[in-house]
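Heads up: the sequence shown is residues 1 to 151, going by UniProt numbering. Read the structure below first, then the notes.
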Amino acid sequence: MTAEAVESPAPAASTGGPLLGPLSWNLVYVDDLAAMRAFYEGVLGLPVKNASPYFAAYHTGGCTLELMARKDNGPAAGSPARGWDRNRVLMSFKVENMTAVVAELTRRGATLLHGPSPTVSADGLPPEGQVAQFIDPEGNIFELCDEPLFF
1 MTAEAVESPA PAASTGGPLL GPLSWNLVYV DDLAAMRAFY EGVLGLPVKN
51 ASPYFAAYHT GGCTLELMAR KDNGPAAGSP ARGWDRNRVL MSFKVENMTA
101 VVAELTRRGA TLLHGPSPTV SADGLPPEGQ VAQFIDPEGN IFELCDEPLF
151 F
């Protein structure tokens, strides 16, 4: 893949602009909403945007993260799988100081799976930053990145 292919624009909509806008929302189905809220609010420190007994939504910059009580309707309902075998979803959060944030999350009880390590490029480009991957209490992977990842 060439650099030109990486930077090519999204297909245009009938208005002449990009077909899709920025990512605005991520939803993670959870089995134990109270435990997951304790982790995402207490350990990760995400500010609550809105919540009910069935969901919690968080400010994460330009994108909302929502935890939704599964109620047997999620894609991995009843699955004992963890990590990549669970649902193959990864959320990545930008951080300013990788070393400090990894140390603080580990101190707060988050489980570090990998890193910090240089970013990996599928097309052989040199690393432009670092990533660290953690796992939440229900087995979903989330990542920290200190440089925006562009593909």
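All C-beta atoms in this analysis are idealised placements derived from N, C-alpha and C, irrespective of residue type, glycine included.
Query raised in the report: Unbroken beta strand (DSSP E) runs of length 3 or more, entirely within the region 24-67: which are they?
Result: 25-30, 48-52, 55-59
Query raised in the report: Is the Cβ-Cβ distance between Q130 and I141 less than 8 Å?
Result: no
Query - Close-in-space but distant-in-sequence residues of the same chain around D146 (CB under 6 Å, 5 per side omitted) - result: V95, M98, G129, Q130
Query raised in the report: According to the neighbour-count rule (16 or more other Cβ atoms, all chains shown, within 10 Å of its Cβ), is S14 buried or exposed?
Result: Residue confidence for S14 is low, a pLDDT of 49 falling below 50, so the modelled location carries little weight; the figure read from the coordinates is stated next. Under this definition S14 is an exposed residue.
Query raised in the report: For chain B, is any of its Cβ atoms less than 8 Å away from the one on E104?
Result: Among the protein chains of the structure shown there is no chain B, as only one such chain exists.
Query - Nonlocal neighbours in the same chain, by C-beta distance under 6 Å from A57, ignoring five residues either side - result: K49, N50, T64, E66
Query raised in the report: Can you name the residues that DSSP bridges to M98?
Result: Per DSSP, none; premise fails for M98.
Report task. Figure out for me which residue from F55, R108, T111, E143 has the closest Cα to the Cα of T119. Result -> E143
Report task. Could you check how far apart the C-beta atoms of V102 and L112 are, in whole angstroms? I think they sit under 8 Å. Result -> 7 Å
Query raised in the report: Looking at F39 and P137, is the spacing between their C-beta atoms short of 8 Å?
Result: yes
Query raised in the report: Taking all protein chains shown into account, do 16 or more other C-beta atoms lie within 10 angstroms of the C-beta of Y54, making it buried, or fewer, making it exposed?
Result: exposed
Requested in this report: Between the Cα of S92 and those of P126, I135, A35, D32, spot the shortest distance and give me the residue it belongs to.
Outcome: I135
Report task. Starting from A132, follow its DSSP beta bridges and name the residues at the other end. Result -> L144
Requested in this report: Out of L105, V43, N26, S52, point me to the one whose CA is closest to L33's CA.
Outcome: S52
**Report entry** Cα-Cα separation between R37 and A69, rounded to whole angstroms
**Finding:** 11 Å
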